[in-house]
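All remarks here apply to the structure that follows.
Residue numbers (my numbering): 11 to 1119.
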């Protein structure tokens, strides 16, 4: 294989020359193919200095008088390097003989080899159907990674040289970071070390420092195994990527969304950028930059950052220029100053008319860019490098050309109806005005004048200049008539509503016309009258109806979240100051951007922020933290504070001012206010002895927070007594800002990343405990299956589900579980993933022979009770319990029942073609080939016997009580006698019997005792065929007549026989009961001993956990 010519100073070193010409040498790496000490030492050196194993053969070019050589070809096999060697001697050596100088020779070789290399790469790209996506070095590393760890489809992100401290022994090797795993490989003095950890198994990921390892990365798994990685070239870069991948895995678990690369990642890259590393790494880098950009400017998650440039912005309000950075994205141009909070501007591209170069001043040589908008605003950017001016103008022009018109955002047929059956409400404070004291009214007038002047000075709308003066005004409070507009502007909801006109109306119509009542709708109805009941707007149908529409519309828009308690309280406050559709988009911004993962069934985001608050309290209020942590107070208060942004724990007139700051500053305000509240009460809290006293102190303080100039919500305002101390909300916010202004959005994001791993792992452990608890009522599982085995099996099922979600293009997803059903219904396996577990667990007994998949498929369909092609975790446990630990009685019942259920197996060959015992086969065929034109009376099958009742009859014999636990149905037999219980199993017809014995025979194909088993089966089939034949002459018991039914197509099949003896027709008079099958098999010790064997499920699961990725 041709390689990029590489300079070599020492040609001998670790290489031995096998062939040599005047201009080329063929060399073999020393130690290759041997097992001596030299091979071990060389392997160790290669493992430390090379990510992928160097090729053992190479060809180098050299000239007679030069000491420098050039590697031009490498290969792992001798025949490949021999082909390159021959080509060089035949085609290039004669040309070199005619050259006048050695430098000319080297240039010719380098140019020719490079040309051959590029040609091979183009051919490979054309064969794969696409262009070159990564550089050759990374492709080699990817191949080495997949080969070493047996991961053919895993996406490698990057790899780093590092050291792993294992058993106090440092091992130098390579750390591979992929989308789903982190892997380590080392080869030290002949000993190979491999480590594979899934990101979903990691509970702690942090940078660590100690005396011996000043910069290292500490990793801990959920089973408390520690790993310490060190000696990175760049610890910061490696840790950032590890943290990003770990949190990506956690988000996949939370949202059930698979990682997919951006298909346009290469289109957004500069063409001159060298393609180093993987596409996944570049995609993750751009994704991280886009997420930071979205959070910085409060933009939607669909916004993609497409480049940045440093420049200055001219600010007309003070006639100055501010240095900062200009951001380009799909729908916006954004500018942020280098000095925090100095100035920030958002320019929607839909408002931009164009961009052009301009001269900053008459006679000046400095040029800038002038952006003109439809509303008359202009923005001037200067101090841009002269070489980049044209590029920036072209960039803005390209973005304008690619801009999707607003009217095309809604899909065809999704436009709202003109004749709405409902009318959106105005802000409820306009319909139900709030009262103010004289002092409050005066302050309100003053504040309104300040905001009006601010709008004149800094602009109004999306493209207003956001300055430090804006933050001061927000901190002082926003007048009611501007509050909704300011909330919409600084939360980013104004951008959403402008880009999605009419979308809310369509959602409301869709939620109202839904034919099936949903669980979120029922929960919403229960909580409607609990939303700000003290406000008159929600004592009237106008407010209640508007709140219902907003909550149902969001549940319809985002079914993954649906509805969560506390959303009603927040939405009610939003409706007071905003139009109905604006309140909807504000709620969307809160749920999906400002407070991510807060409003789901497990309130994961709130739990993460609870731990973030604990860290902040520990760092800033250390002594108080120890006290509150002992009492468990922080975990009690933080959820209720955060979910409603203090609305449920603080007077309304005070909390709206906190929400003003929240929408302007973001979620960090919640932590600043929470720390200020605890700081104000630290003296009293440090003296409490129980959690009740601490909660009483905090509740009293929260209730005493006032806003003397705020709105009066209650008909009769509560006046605090003279001896009761009160706190003004403005003073509290001022204290929070001054004392904890160092808390930034970046700090909150890092702390959230730190705790997201632990929270998700804890929730996963809690769900596992709940699943095992839900199985405790099953007496069969309690008797047969160990709790440790059930837990291990559950972890494997979760991994299979996770692999299904992260697999690109996989659409066979399990049906969404009804939350009213038991929790084990949430864990389902389709046949593909069930077969993987079955094959590895039952490989020594039930998955043997030449067609083990047929019996496996029948067992799957037997336990797929609702026939949705999935089995839940409880059904899986019941099946594995019987297969591994069940007694002879139940294993035979399992085989018998599996052949009563209709399945999609392929046609199985006749048993007569499989059994070598000619005499027995002939005798059996005589019974099977009975004339089917005889009496067509119905035989007993499953046509009137439900799937559920079949499972009941099979599993019931394990229950020792007189009542079926965990379900309302039960077998008709009330006795626990096995003979009576198995009367519940229906009789088997002739065709089902043939299929069952064919499966049994196939089970023993290739077994060391195959002949013994086949002989036993042949004898059994003869006895049972005779038994079924004799039963045709005996009248059936009356109790069985109710279960008999005519099989579909029996009449048609009988009429077409014309008296022939064909194997595809079956005697409808023939039938066999389970007790007859069981008693006959008991006669044969060979079969009894085989089916009585137990499988070591614990050992199987332990091996699977060790090898499972």
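Note that the Cβ used here is the ideal one computed from N, Cα and C, for glycine as well. All figures in this text were calculated on a predicted structure; none of them were measured in a lab.
What does the alpha-carbon distance come out to for the pair residue i and residue j?
i, j, result
"residue 355", "residue 198", "57 Å"
"residue 890", "residue 649", "41 Å"
"residue 786", "residue 836", "17 Å"
"residue 247", "residue 170", "10 Å"
"residue 451", "residue 209", "57 Å"
"residue 749", "residue 480", "20 Å"
"residue 24", "residue 17", "16 Å"
"residue 188", "residue 157", "14 Å"
"residue 220", "residue 231", "21 Å"
"residue 671", "residue 762", "21 Å"
"residue 27", "residue 340", "58 Å"
"residue 347", "residue 544", "44 Å"
"residue 553", "residue 655", "21 Å"
"residue 1106", "residue 894", "7 Å"
"residue 950", "residue 1090", "Note on residue 950: pLDDT 35, under 50, position unreliable in the model; the coordinate value appears next. Spanning the two alpha carbons is a distance of roughly 20 Å."
"residue 513", "residue 403", "33 Å"
What residues in its chain sit with their C-beta under 6 Å from that of residue i, if we drop five residues either side in the sequence?
i, result
"residue 1120", "For the chain, the structure presents residues 11 to 1119; residue 1120 sits outside this window and is missing."
"residue 250", "none"
"residue 12", "83, 123, 126, 127"
"residue 901", "1101"
"residue 673", "497, 500, 501"
"residue 542", "548, 582"
"residue 833", "780, 781, 784"
"residue 357", "343, 473"
For residue i, count the other beta carbons within 10 Å of its own beta carbon; 16 or more makes it buried, fewer makes it exposed. Which is it?
i, result
"residue 461", "buried"
"residue 464", "buried"
"residue 191", "buried"
"residue 2", "In this structure the chain extends from 11 to 1119, so residue 2 is not present and cannot be described."
"residue 710", "exposed"
"residue 151", "buried"
"residue 877", "exposed"
"residue 661", "buried"
"residue 503", "buried"
"residue 226", "buried"
"residue 1027", "buried"
"residue 234", "exposed"
"residue 717", "buried"
"residue 181", "buried"
By Cβ distance below 7 Å, which residues in the same chain neighbour residue i in space, the five residues on each side in sequence not counted?
i, result
"residue 215", "229, 252, 253, 256, 767"
"residue 872", "907, 908, 911"
"residue 482", "none"
"residue 637", "695, 696"
"residue 634", "627, 688, 692, 695, 696"
Spatial neighbours of residue i within its chain, please: C-beta separation below 8 Å, excluding the five flanking residues on both sides.
i, result
"residue 631", "685, 688, 689, 692"
Have a look at the options and flag the residue whose alpha-carbon is nearest the alpha-carbon of residue i.
i, options, result
"residue 473", "757, 386, 186, 488", "386"
"residue 618", "438, 264, 128, 492", "264"
"residue 466", "327, 856, 112", "327"
"residue 531", "571, 765, 1014", "571"
"residue 441", "490, 486, 409, 400", "490"
"residue 612", "360, 653, 114, 717", "653"
"residue 1017", "1112, 856, 760", "856"
"residue 165", "383, 292, 86", "292"
"residue 205", "588, 193, 212", "193"
"residue 154", "573, 179, 363, 186", "186"
"residue 1079", "1036, 297, 213", "1036"
- Item | Given 8 Å, three or more beta-carbon pairs between the region 853–862 and the region 1008–1018 | yes
- Would you call the region 510–518 and the region 693–701 touching, i.e. three or more CB-CB distances under 8 Å? no
- Task: Would you check if there are 3 or more beta carbon pairs closer than 8 Å linking the region 307–321 to the region 768–779?
- Result: no
- Stretch pair the region 298–315 + the region 387–395: three plus CB contacts closer than 8 Å: no
- the region 593–603 touching the region 750–760, judged by at least three CB pairs closer than 8 Å: no
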